[in-house]
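Undergrad: Under our numbering, the first residue of the sequence shown is numbered 13, with each subsequent residue one higher.
Structure in structure tokens, see below.
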Amino acid sequence: MADIRFSLLGSLRVWRGNTEIAISSDKQRTVLALLLLKAGTPVHRQEIIDAVWSDGAPDSVVNLVQTYVGRLRRRVDPSHVARSGASWLAGLGPAYAIRLDRCDTDLVRFRTAVVRAGRAGSPRETLELLLRALQLWQGPCLSDLGHAVRGHPWVRAADQERVDVLLEAAKLALQLGLTCEVIPQLRAVAAAEPLNEAVHSWLVLALAGAGAQAEALSEYEATRRRLADELGIDPGPQLRAAHLQVLRQETGPSSSYEPYEPYEPYDSCESCESAPSGGTFRPSLLPPDVADFTGREKTVGRLRGALTTRGTGSVAVGLVTGQGGVGKTATALHVAHRLGEAFPDGQLYADMHGSSACPADPSRVLARFLRALGVHASAVPQDLEERIDLYRSRLAGRRMLVVLDDVADHAQARPLLPGSPTCSVIVTSRSRLPGWPGAARVELEPLEPGEAADMLANVLGRERVAAEPEAAAEVTRLCGRLPLALRAAGTRLAGRTHWTLARFAERLDRDGLDELALGDPDVRGGIAADYHRLDEAARRAVRLLGVLDLPSFATWTIAMVLETSQEAAEELADSLADARMLEITEPDAAGQTRYRFHELVRRYAREQAALEESGTVVDVVITRTLAAFLTLAQEADERLPSARYTPVRGRAPRWPPPARVREMLLADPIAWFESERASLVAAVLQASALGLDELCWELTAAMLNDAALRSSWTGVERALRAALAACRRSGDRLGETVALRGLAEARLGREHRLEGDEALVSARGGTVRSPEPAENDPPMARSTYA
13 MADIRFSLLG
23 SLRVWRGNTE
33 IAISSDKQRT
43 VLALLLLKAG
53 TPVHRQEIID
63 AVWSDGAPDS
73 VVNLVQTYVG
83 RLRRRVDPSH
93 VARSGASWLA
103 GLGPAYAIRL
113 DRCDTDLVRF
123 RTAVVRAGRA
133 GSPRETLELL
143 LRALQLWQGP
153 CLSDLGHAVR
163 GHPWVRAADQ
173 ERVDVLLEAA
183 KLALQLGLTC
193 EVIPQLRAVA
203 AAEPLNEAVH
213 SWLVLALAGA
223 GAQAEALSEY
233 EATRRRLADE
243 LGIDPGPQLR
253 AAHLQVLRQE
263 TGPSSSYEPY
273 EPYEPYDSCE
283 SCESAPSGGT
293 FRPSLLPPDV
303 ADFTGREKTV
313 GRLRGALTTR
323 GTGSVAVGLV
333 TGQGGVGKTA
343 TALHVAHRLG
353 EAFPDGQLYA
363 DMHGSSACPA
373 DPSRVLARFL
383 RALGVHASAV
393 PQDLEERIDL
403 YRSRLAGRRM
413 LVVLDDVADH
423 AQARPLLPGS
433 PTCSVIVTSR
443 SRLPGWPGAA
453 RVELEPLEPG
463 EAADMLANVL
473 GRERVAAEPE
483 AAAEVTRLCG
493 RLPLALRAAG
503 TRLAGRTHWT
513 LARFAERLDR
523 DGLDELALGD
533 PDVRGGIAAD
543 YHRLDEAARR
553 AVRLLGVLDL
563 PSFATWTIAM
573 VLETSQEAAE
583 ELADSLADAR
593 MLEITEPDAA
603 GQTRYRFHEL
613 VRRYAREQAA
623 LEESGTVVDV
633 VITRTLAAFL
643 TLAQEADERL
653 PSARYTPVRG
663 RAPRWPPPAR
673 VREMLLADPI
683 AWFESERASL
693 VAAVLQASAL
703 GLDELCWELT
713 AAMLNDAALR
723 SSWTGVERAL
733 RAALAACRRS
743 GDRLGETVAL
753 RGLAEARLGR
763 EHRLEGDEAL
773 VSARGGTVRS
783 PEPAENDPPM
793 ARSTYA
């Protein structure tokens, strides 16, 4: 045994050899007590300051702490000079630690004995070792120190360890018919904790098991009155059950024995890597895994690796983010269930409701976690900081996984993070939660097409999907490959065996989110929750941007839609992306950040536009945006380095962006066309659908030189056919002529490409077929080269 010994399981006492050392200063005793409670691990100077002075710390408090530590070193062991490497009290920068190789504490001996009890070969030996460990307690932890110290979370946690071990010993004694051996310890703790129902419940059972039934009933009645008088409550279910067992005389020895698996604190024994350390209470709060979880193999593998890799000294955090319905919860639970062996001490789970109107209160979640960890309800502190400290103390050294689902922000998650590096945490959130150092970040995207098809097949049945593969692909597209939507679609179809997938795809295309309304969580409800958290200006932006058919757009488009500045549009776009109403895509050829709607979010935006915006406003927004596209496209066309076709102008409206914006966008006209080509085609198709024939053909005319320059007419031909149809419907002969000319040029461009391919193949000794007219080419375009 070490020459220096400390006792804190009762009064604080210090020995050097056989000589007891008196420490008279209350503050020095408090500093020593805090260090002893964490013996073997560093205690930061600020933690000492908070405990000793609370909010009344003087300006010289750092010097005072240093002075107290120096005096403690000299008082306890005068033979070692301050800062000596052999001192029992080491300085580690702004922290201090008691070295367990230089001294001995009864708290460490208690914990070691409890660990040894868990390895005993028989129930009788386990009970003997537990009782021997409990005999080290001479009263409540640090019972002679002031109330402020006695209420410190570290002290409360140590007292709770005693209670946990005692209750396990009582349970074992009752099973073995040896309750007489545990009654003295139960009486001592019951006297110290008169409102602890768990302790009094076991005391009632132990007394009855020892044959003192009348005394057991008396103990129950006394506890019942005390609870009524002091708390105004009736006994809880555990105490009532104990009373009923006594009345029924069901307190005899049990034929069954459950091996005891002890609490083993971090850094207090050498076996932390070889044996579970979960204690009497091993919570398993995880909801069930998703039976038909599909895809995400790389994501699952990355999270498993990140959460099980130790050695950094910090808590491993896996951060899973993404839009609502993308499968964050399913992924987190799937990973958590597969890490059971890596975290044998249990799993804690809480739905933080961060995306709802009423996010979960971290203090209430902490209370639930503490109860799951074995802390009696009456012992859960009221103060949030005390709950945090007790929670982290209970997790210290335990290999436990904490899953915090649907977190709103850092502030909500921070109180629930363990302090011990033996624990890991999975956090899911719609927010990207920037600034989380060291977290393994995973941003979930909608499923890949193959994964989406597999998921639909898993939910609906592979035979029905295999029978209609094209319709199944259309259903997954209309669901935006979002797992929640796919599950809703599959479930709806599974309940309607007489529906074909093709019929459902038609309904889904027509009715949208109504076809995906199926219980909770609901696809529309999830999008609505994000939408309604926005302010009115942002909501209106969603509505108006949603009426456009553009596959993606840059911030200049947002500025045109909302008639605002480029800078305001950029800020708004980022805020909508953070709120998961917009997705950020890869930068375009011009280096601009581009944004897009998820298919289902766009549908919701249009629903809201129909409800809250007039038809006139919607028409004005669409026309203004298409007019801005026309203005930019024609100016970009004029700036191209070469032009095969002379521009043709009509009477379509123009809406020029500010000169500064135009110069920025069109500095490289080729890059602008490359960036906006898909949007230009979509603009033509929407204009055609709305009967805006002038905009249709002028937009297509502005695209011809770019297509010729690139020798690529993909997409442009589709736009030309839409413009031709619109012009024929309205009788616009000029527009019809321009569209026909464009289609002829497109066919000529294809023909020249095929001739080039033919020459290349012929040079290599092969053959190539003669070009055929493109499908749907109008008669005039076909006859031009007949």
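Don't be surprised by glycine CBs; every beta carbon is placed ideally from N, CA and C.
Here the structure is a predicted model, which means the values were calculated and not measured.
Can you round the beta-carbon distance between residue 331 and residue 448 to whole angstroms, since I take them to be within the 8 Å contact cut?
TA: The residue labelled residue 331 in the question sits at position 319 within the sequence shown. The residue labelled residue 448 in the question sits at position 436 within the sequence shown. Indeed, because the Cβ distance is near 6 Å, the residues count as touching under 8 Å.
Undergrad: Looking at the structure shown, is residue 330 part of a helix, part of a strand, or coil, going by DSSP?
TA: Walking along the sequence shown from the start, residue 330 turns up at place 318. Note: residue 330 maps to strand in three-state DSSP.
Undergrad: Measure the CB-CB distance between residue 437 and residue 414 and report whether it falls below 8 Å.
TA: Here residue 437 refers to the residue found at position 425 of the sequence shown. Here residue 414 refers to the residue found at position 402 of the sequence shown. Yes.
Undergrad: Quick one: which unbroken alpha helix (DSSP H) runs of 4-plus residues sit fully inside the stretch 131-209? Chain order, please.
TA: Listed in chain order, they are 135-146, 159-162, 165-188 and 195-204.
Undergrad: Using the C-alpha atoms, what's the distance from residue 88 back to residue 16?
TA: As a position in the sequence shown, residue 16 is number 4, starting the count at 1. As a position in the sequence shown, residue 88 is number 76, starting the count at 1. So the alpha carbons of these two residues sit roughly 8 Å apart.
Undergrad: Which residues in the same chain as residue 338 place their Cβ atom closer than 8 Å to its Cβ, once the five residues preceding and following it in sequence are excluded?
TA: For the purposes of this step, residue 338 is identified with residue 326 of the sequence shown, where counting begins at 1. Same-chain partners within the cutoff: 456, 457, 458, 494, 495 and 496.
Undergrad: If contacts are defined as beta-carbon pairs under 8 Å, then residue 594 and residue 585 qualify, I think. What distance do you get, rounded to the angstrom?
TA: Indexing the sequence shown from 1 puts residue 594 at position 582. Indexing the sequence shown from 1 puts residue 585 at position 573. At roughly 6 Å, the Cβ-Cβ gap stays under 8 Å, so residue 594 and residue 585 are in contact.
Undergrad: Based on the DSSP secondary-structure assignment, which residues constitute the bridge partners of residue 595?
TA: Residue numbering aside, residue 595 sits at position 583 when the sequence shown is read from its first letter. In the DSSP output, where bridge partners are listed per residue, residue 595 has 608.
Undergrad: Would you grab the beta carbon distance between residue 343 and residue 470 for me? Rounded to a whole angstrom, and I think it's under 8 Å.
TA: Counting from one through the sequence shown, the residue named residue 343 turns up at place 331. Counting from one through the sequence shown, the residue named residue 470 turns up at place 458. That pair is no contact at about 15 Å.
Undergrad: By DSSP's criteria, residue 799 is part of a beta bridge. Which residues make up the other side?
TA: Lying before the first or after the last residue shown, residue 799 is absent from the chain, which here runs from 13 to 798.
Undergrad: Round the Cβ separation of residue 714 and residue 642 to the nearest angstrom and send it over; I've been treating them as touching at under 8 Å.
TA: On the sequence shown, residue 714 is found 702 positions in, with the first residue counted as 1. On the sequence shown, residue 642 is found 630 positions in, with the first residue counted as 1. Their Cβ separation, rounded to whole angstroms, is 7 Å, which keeps residue 714 and residue 642 in contact under 8 Å.
Undergrad: Report yes if the CB atom of residue 600 is closer than 8 Å to the CB atom of residue 652, and no otherwise.
TA: Taking the sequence shown and counting its residues from 1, the one referred to as residue 600 is at position 588. Taking the sequence shown and counting its residues from 1, the one referred to as residue 652 is at position 640. No. Outside cutoff.
Undergrad: Where does the unbroken alpha helix (DSSP H) through residue 801 begin, and where does it stop?
TA: The chain is shown only over 13 to 798; residue 801 falls outside these bounds and no answer can be derived.
Undergrad: Measuring CB atoms only, is the stretch 65-74 touching the stretch 117-134, in the sense that at least three cross pairs come out at less than 8 Å?
TA: No: the two stretches stay apart, fewer than three of their Cβ pairs being nearer than 8 Å.
Undergrad: Between which two residues does the beta strand (DSSP E) containing residue 575 stretch?
TA: The count along the sequence shown starts at 1 and reaches residue 575 at position 563. Neither: residue 575 is in no beta strand (DSSP E) and is coded neither H nor E.
Undergrad: In whole angstroms, what separates the C-alpha of residue 526 from that of residue 454?
TA: Within the sequence shown, numbered from 1, the residue matching residue 526 stands at position 514. Within the sequence shown, numbered from 1, the residue matching residue 454 stands at position 442. Residue 526 and residue 454: Cα-Cα distance of roughly 31 Å.
Undergrad: Below 8 Å between beta carbons: does that hold for residue 215 and residue 229?
TA: Your numbering for residue 215 matches position 203 in the sequence shown. Your numbering for residue 229 matches position 217 in the sequence shown. It is not a contact, given that the beta carbons lie outside the stated cut-off.
Undergrad: Determine, using beta carbons only, whether residue 711 and residue 699 come nearer to each other than 8 Å.
TA: The residue you call residue 711 lines up with position 699 of the sequence shown. The residue you call residue 699 lines up with position 687 of the sequence shown. Result yes, Cβ atoms of residue 711 and residue 699 sit closer than 8 Å.
Undergrad: What does the alpha-carbon distance come out to for the pair residue 687 and residue 672?
TA: To locate residue 687, count along the sequence shown from 1; it is residue 675. To locate residue 672, count along the sequence shown from 1; it is residue 660. For residue 687 and residue 672, the distance between alpha carbons rounds to 19 Å.
Undergrad: With distances taken Cα to Cα, identify the nearest neighbour of residue 2 among 573, 627 and 417.
TA: What is shown of the chain runs 13 to 798, which leaves residue 2 out entirely.
Undergrad: Which term fits residue 310, buried or exposed, when burial requires 16 or more other beta carbons within 10 angstroms of its beta carbon?
TA: Your numbering for residue 310 matches position 298 in the sequence shown. Classification of residue 310: exposed, given that the 10 Å Cβ count is below 16.
Undergrad: On a Cα-Cα basis, can you pick out the residue from 506, 464 and 510 that is closest to residue 491?
TA: Looking up residue 491 in the sequence shown gives position 479. Among 506, 464 and 510, the Cα nearest to that of residue 491 is on 464.
Undergrad: Sorted by chain position, which residues of the same chain lie with C-beta nearer than 8 Å to residue 96's C-beta, five sequence neighbours on each side aside?
TA: On the sequence shown, residue 96 is found 84 positions in, with the first residue counted as 1. Note that residue 96 has pLDDT 48, beneath the 50 cutoff, so the model's placement of it is unreliable and no number is given.
Undergrad: Within a Cβ cutoff of 6 Å, which residues of the same chain sit near residue 486, ignoring the five residues on either side of it in sequence?
TA: What you label residue 486 is simply residue 474 of the sequence shown in a count that begins at 1. Excluding residues within five positions, the ones whose Cβ falls inside 6 Å are 517.
Undergrad: Any idea which residues DSSP pairs residue 103 with across the strands?
TA: Along the sequence shown, one-based indexing puts residue 103 at 91. According to DSSP, which records beta bridges pairwise, residue 103 is partnered with 108.
Undergrad: In whole angstroms, give me the CA-to-CA distance for residue 743 and residue 697.
TA: Counted from its first residue, the sequence shown places residue 743 at position 731. Counted from its first residue, the sequence shown places residue 697 at position 685. Roughly 18 Å between the two C-alpha positions.
Undergrad: What do you get for residue 321, buried or exposed, if any count of 16 or more other CB atoms within 10 angstroms of its CB means buried?
TA: For the purposes of this step, residue 321 is taken as residue 309 along the sequence shown, with counting starting at 1. With fewer than 16 other Cβ atoms within 10 Å, it is exposed.
Undergrad: Exposed or buried, what is residue 376 when buried is set at 16 or more other beta-carbons lying within 10 Å of its beta-carbon?
TA: The residue given as residue 376 occupies position 364 in the sequence shown. The residue in question, residue 376, is exposed, as its Cβ has fewer than 16 Cβ neighbours within 10 Å.
Undergrad: Assign residue 689 to one of two classes, buried (16 or more other C-beta atoms within 10 Å of its C-beta) or exposed (fewer than that).
TA: Working through the sequence shown from its first residue, we reach residue 689 at position 677. Buried is the call here.
Undergrad: Please report how far the alpha carbon of residue 217 lies from the alpha carbon of residue 190, in whole angstroms.
TA: Within the sequence shown, residue 217 is the residue found at index 205, counting from 1. Within the sequence shown, residue 190 is the residue found at index 178, counting from 1. The straight-line gap from Cα to Cα measures roughly 12 Å.
Undergrad: Check this for me: beta carbons of residue 694 and residue 561, under 8 Å apart or not?
TA: Within the sequence shown, residue 694 is the residue found at index 682, counting from 1. Within the sequence shown, residue 561 is the residue found at index 549, counting from 1. Their beta carbons are under 8 Å apart, which means residue 694 touches residue 561 by this criterion.
Undergrad: Three or more C-beta pairs closer than 8 Å, one from the stretch 621-628 and one from the stretch 537-550: is that the case here?
TA: No, because fewer than three Cβ pairs between the stretch 621-628 and the stretch 537-550 fall closer than 8 Å, the two stretches do not touch.
Undergrad: I'd like to know whether the C-beta atoms of residue 118 and residue 37 end up nearer to each other than 8 Å.
TA: Locating residue 118 in the sequence shown gives position 106, counting from the first residue. Locating residue 37 in the sequence shown gives position 25, counting from the first residue. Not a contact, by the Cβ cut-off of 8 Å.
Undergrad: When we look at the beta-carbon of residue 235 and count the other beta-carbons within 10 Å, is it buried (16 or more) or exposed?
TA: Here residue 235 refers to the residue found at position 223 of the sequence shown. Residue 235 comes out buried.
Undergrad: On a CA-only basis, which of 752, 113 and 729 is nearest residue 739? Give me that one, please.
TA: On the sequence shown, residue 739 is found 727 positions in, with the first residue counted as 1. For the residues 752, 113 and 729, the minimum Cα distance to residue 739 belongs to 752.
Undergrad: Go to residue 27, then tell me how far its beta strand (DSSP E) extends in each direction, as first and last residue.
TA: Translated into positions along the sequence shown, residue 27 becomes position 15. Per DSSP, residue 27 belongs to the beta strand (DSSP E) from 25-28.
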